[in-house]
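Report on the following structure.
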Amino acid sequence: MADFVISEHVAKAIILVFDSQVLGVVFASAIFGLFVGAIPGLTATMAAALLVPMTFFMPPLPALGAVVAVSAMAIFAGDLPAAMLRMPGTPASAAYAEESYAMALQGKLELNLSTNLICSVAGGLVGVGFLMLAAPLLAEVAIHFSSFEYFWLSCLGVSCASLISGKQTSHALLSLLFGLGFACVGIDPVTGVARFTVESIELAGGIHLIPSMIGAFALSELMRSSAEQGLSLAPVQEKIGALFSNLRFVATTYWQNFLRGSLLGTAIGALPGAGADVAAWISYAMAKRFSKQPEQFGKGHLEGIVESTSSNNAALGGAWIPALVFGIPGDSVTAIVIGVLYMKGMNPGPSIFSQTPDLVYALFIIFILANLLMLPLGWLAIKLAARLFRTPRALLLPMILMTCVLGSYAMTNSSFGIVLMLFFGILAWLMESHDIPIGPMMLGIVLGGLLEQSFMTSMIKADGKMIGFFERPIAAGLSVITLCIWSIMLYRLLSGISNQNARRQA
Amino acid sequence: MRLHDRVLGLILIGLAGLLGFHSANLTGPSGYGLGPGLFPNLIALGIAACGLLISLKARNKPGPMIVVDPRLKQGSGLIAVSMMPAGVIFYVLVIDWFGFMLTADIMIALLSIALGASRKASLLNAILGSLLAYGLFAELLRVPLATGSWLNYFRGF
Numbered sequence: 005m006a007d008f009v010i011s012e013h014v015a016k017a018i019i020l021v022f023d024s025q026v027l028g029v030v031f032a033s034a035i036f037g038l039f040v041g042a043i044p045g046l047t048a049t050m051a052a053a054l055l056v057p058m059t060f061f062m063p064p065l066p067a068l069g070a071v072v073a074v075s076a077m078a079i080f081a082g083d084l085p086a087a088m089l090r091m092p093g094t095p096a097s098a099a100y101a102e103e104s105y106a107m108a109l110q111g112k113l114e115l116n117l118s119t120n121l122i123c124s125v126a127g128g129l130v131g132v133g134f135l136m137l138a139a140p141l142l143a144e145v146a147i148h149f150s151s152f153e154y155f156w157l158s159c160l161g162v163s164c165a166s167l168i169s170g171k172q173t174s175h176a177l178l179s180l181l182f183g184l185g186f187a188c189v190g191i192d193p194v195t196g197v198a199r200f201t202v203e204s205i206e207l208a209g210g211i212h213l214i215p216s217m218i219g220a221f222a223l224s225e226l227m228r229s230s231a232e233q234g235l236s237l238a239p240v241q242e243k244i245g246a247l248f249s250n251l252r253f254v255a256t257t258y259w260q261n262f263l264r265g266s267l268l269g270t271a272i273g274a275l276p277g278a279g280a281d282v283a284a285w286i287s288y289a290m291a292k293r294f295s296k297q298p299e300q301f302g303k304g305h306l307e308g309i310v311e312s313t314s315s316n317n318a319a320l321g322g323a324w325i326p327a328l329v330f331g332i333p334g335d336s337v338t339a340i341v342i343g344v345l346y347m348k349g350m351n352p353g354p355s356i357f358s359q360t361p362d363l364v365y366a367l368f369i370i371f372i373l374a375n376l377l378m379l380p381l382g383w384l385a386i387k388l389a390a391r392l393f394r395t396p397r398a399l400l401l402p403m404i405l406m407t408c409v410l411g412s413y414a415m416t417n418s419s420f421g422i423v424l425m426l427f428f429g430i431l432a433w434l435m436e437s438h439d440i441p442i443g444p445m446m447l448g449i450v451l452g453g454l455l456e457q458s459f460m461t462s463m464i465k466a467d468g469k470m471i472g473f474f475e476r477p478i479a480a481g482l483s484v485i486t487l488c489i490w491s492i493m494l495y496r497l498l499s500g501i502s503n504q505n506a507r508r509q510a
Numbered sequence: 003m004r005l006h007d008r009v010l011g012l013i014l015i016g017l018a019g020l021l022g023f024h025s026a027n028l029t030g031p032s033g034y035g036l037g038p039g040l041f042p043n044l045i046a047l048g049i050a051a052c053g054l055l056i057s058l059k060a061r062n063k064p065g066p067m068i069v070v071d072p073r074l075k076q077g078s079g080l081i082a083v084s085m086m087p088a089g090v091i092f093y094v095l096v097i098d099w100f101g102f103m104l105t106a107d108i109m110i111a112l113l114s115i116a117l118g119a120s121r122k123a124s125l126l127n128a129i130l131g132s133l134l135a136y137g138l139f140a141e142l143l144r145v146p147l148a149t150g151s152w153l154n155y156f157r158g159f
């Protein structure tokens, strides 16, 4: 009976997906993602943030499909300038940019790019496979969650983000606290008191997520890119020869790297706060650790590339698991997705699988479709890459700024959205100048409301007694994991100080 | 521009104090044990702790209190970084008076020239860019873009 119900939902989902509007939006977003991803300095998150204002005016499925397609394509496209210019198009390609460029210098550019393309497609499909399997199963467990479990889950989400951000723990924690602080602006959900609104009607509604994301991820990038105008973009090779000629060799030699990269990428993607870039770095390190030829790494060796390029695309699917099931973003793109879901009235959480199952299955199909679409479009992008890099940035950056301004305006229908974008853009630029990552701040803004509300509701339920937070079995399990993470964070924070002392004494 | 971690830590402690002071003044309806200031207060404590840690870690770190990026020290670098925020401020200030088309044309053209494009290419970029943005946002997505109050002067004739 259950199988029949699922197949009925899948059949409905297929009808929803194979609609001309949905397919058109996915195709156009895919091309946009390839373009943005291939321009060094413009990230997949920025591409997704720029798309969101357009999705405001679309039905839910094409809106979500657009974000899926744009992020998948941008992550792959970031490999092109990494190999041809030694400039990663997105942070997700940074881990193996040197290695790819070394291959290109040895005349193996075609082998490198075709391996990147095939592994990105296959890694992406592994990530989607896990998303399709794990998300509905987890949702069945999560449907019984109360405010206690959601409190610990939110804590786990924000703690993971600070722990895995790759920067100093104190800086990542600070960024997170900024985000949680911004989430307090507006009417307090429990008492109804206005907080930090400086008597502004617009601020009473809270910090609008989309303009703040456009500012933090897009405007700050534009500020950085405009300062780097002098960089020349001369590719190592103008003409690309035949692709896919050595793929049998790659498949038979490096299949283990592919499998390990895809699985690890999915798992890292599913951790809140860790995205495709972290997945690629860890997979590259893992490939080197288990390699029989670790001395070849950095000299144009394919092993690490296979593992990390599969990993970063697999992470995309993995990141959707906590986003859909718990409403906790797995990475910065899914933080934007959560904003889109709320905008469309599809509140993320386990009930999304029972309330809108057709849409969820349709989303899975779009994921598969977007990854398959990457094959022909990726091939085309590789062939046109040299021309893509010649797009004059002096003409491109003002156009992107215009899109940021209009996108932020469209979200609030007032200049308030633009001012908010400007504020977060400058703040993110300043934060990055001080090595403070911006990802945890955005996660704090997304999760702040849930964290505070679940904490307050739980305190009222438990009559102010903290023991109530540990009485339910799943809540107790989550609390143990969270407390372990907090202990690691505290250890790292304190060891940072003691290391300084030791260095001083030495 | 980068502040020394000691200065950054002190600024953060100050910021936390300010946040804590404002949070202490937030009072909820009587009978609520957990007031609206509880969460912001905890955040203020966290920021203060981070500020203290950053300061402590950097207490023996040498170097000037403020380091300015060499690119920013040259006038062109500073202009390059500030031109994007300046473009946004210009847009917000004049949009109601000039309207979307004119504001977008001026903004895109000036930014393109400042980034090093030729005047002819910048002008073409501005005209095509503003038309494209208008078509996409105003016509397709139905976002109400300002027409500009300067046109009212001509409406009387």
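Same order as they appear, the protein sequences are chains A and B. So the mapping is simple: the numbering used here equals the position in the first sequence, first residue as 1, plus 4. So the mapping is simple: the numbering used here equals the position in the second sequence, first residue as 1, plus 2. Note that beta-carbon positions come from the ideal geometry of N, C-alpha and C, so glycine has one too. Please read all numbers here as calculations on a predicted model, not as lab measurements.
I need the straight-line Cα distance from residue i to residue j, nearest angstrom please.
i        : j        : result
A/Gly195 : B/Gly37  : The amino acid occupying residue 195 of chain A in the given sequence is Thr; Gly does not appear at that position. Whole-angstrom Cα-Cα distance: 7 Å.
B/Leu14  : A/Ala96  : 31 Å
A/Phe420 : A/Val310 : 45 Å
A/Ile342 : A/Met435 : 24 Å
A/Leu235 : A/Pro396 : Residue placement at A/Leu235 is poorly supported in this model, since its pLDDT is 47, which falls under 50; the coordinates are not used for a value here.
A/Val72  : A/Lys16  : 20 Å
A/Tyr105 : A/Gly183 : 37 Å
A/Leu400 : A/Pro477 : 54 Å
A/Ala81  : A/Ala32  : 15 Å
A/Pro298 : A/Cys159 : 38 Å
A/Gln300 : A/Ser315 : 20 Å
A/Ala51  : A/Ser24  : 23 Å
B/Leu20  : B/Asn43  : 10 Å
A/Leu117 : A/Ile244 : 10 Å
A/Leu392 : A/Gly472 : 58 Å
A/Pro64  : B/Leu10  : 43 Å
B/Leu12  : A/Thr119 : 50 Å
A/Ala327 : A/Leu135 : 11 Å
I believe residue i touches residue j by the beta-carbon criterion, under 8 Å. Please report the beta-carbon distance rounded to the nearest angstrom.
i        : j        : result
B/Asn127 : B/Ala116 : Contact doesn't hold; Cβ gap of about 12 Å is too wide.
A/Asn317 : A/Gly131 : 7 Å
A/Thr94  : A/Ala78  : 6 Å
A/Gly322 : A/Gly334 : 6 Å
A/Glu103 : A/Gly304 : 6 Å
B/Arg4   : B/Val69  : 5 Å
For residue i, which of helix, strand or coil comes out of DSSP?
i        : result
A/Ile340 : helix
B/Ile68  : strand
A/Ala231 : coil
B/Ala135 : helix
B/Arg4   : strand
B/Gly16  : helix
A/Arg397 : helix
A/Gly190 : strand
A/Arg293 : helix
B/Arg61  : coil
A/Ser236 : Because A/Ser236 carries a pLDDT of 49, less than 50, the predicted location of this residue cannot be relied on, and no value is offered for it.
A/Arg199 : strand
A/Gly37  : helix
A/Met62  : coil
B/Leu21  : helix
A/Ala222 : helix
B/Ala1   : With chain B represented from 3 up to 159, any question about residue 1 of chain B goes unanswered, as that position is not in the structure.
Buried or exposed: where does residue i fall if 16 or more other Cβ atoms within 10 Å of its Cβ makes it buried?
i        : result
A/Asn3   : The structure shown does not extend to residue 3 of chain A, since chain A spans only 5 to 510, so no value can be given for it.
A/Ala99  : buried
A/Ser358 : exposed
A/Ile19  : exposed
A/Glu12  : exposed
A/His148 : exposed
A/Ile205 : exposed
B/Tyr155 : exposed
A/Ser433 : With the sequence shown as reference, residue 433 of chain A is identified as Trp, and Ser is not the correct amino acid for it. When all chains shown are included, A/Trp433 counts as buried.
B/Lys122 : exposed
A/Gln260 : exposed
(message) Please give me, in chain order, every unbroken run of the beta strand (DSSP E) with length at least 3 that falls completely inside the stretch 310-385 of chain A.
(response) Within the stretch 310-385 of chain A, no complete beta strand (DSSP E) run reaches 3 residues.
(message) Suppose only complete runs of 4+ residues qualify. What are the alpha helix (DSSP H) ranges in the stretch 79-125 of chain B, listed by chain order?
(response) Counting only runs of 4 or more, we get 102-116.
(request) Return the chain-ordered ranges of every alpha helix (DSSP H) run that is complete within the stretch 428-469 of chain A and spans a minimum of 4 residues. (result) DSSP runs (the alpha helix (DSSP H)) wholly in the stretch 428-469 of chain A: 443-465.
(request) At 3 residues or longer, and completely inside the stretch 115-187 of chain A: list those beta strand (DSSP E) runs for me, N to C. (result) Segments of the beta strand (DSSP E) lying fully in the stretch 115-187 of chain A: there are none.
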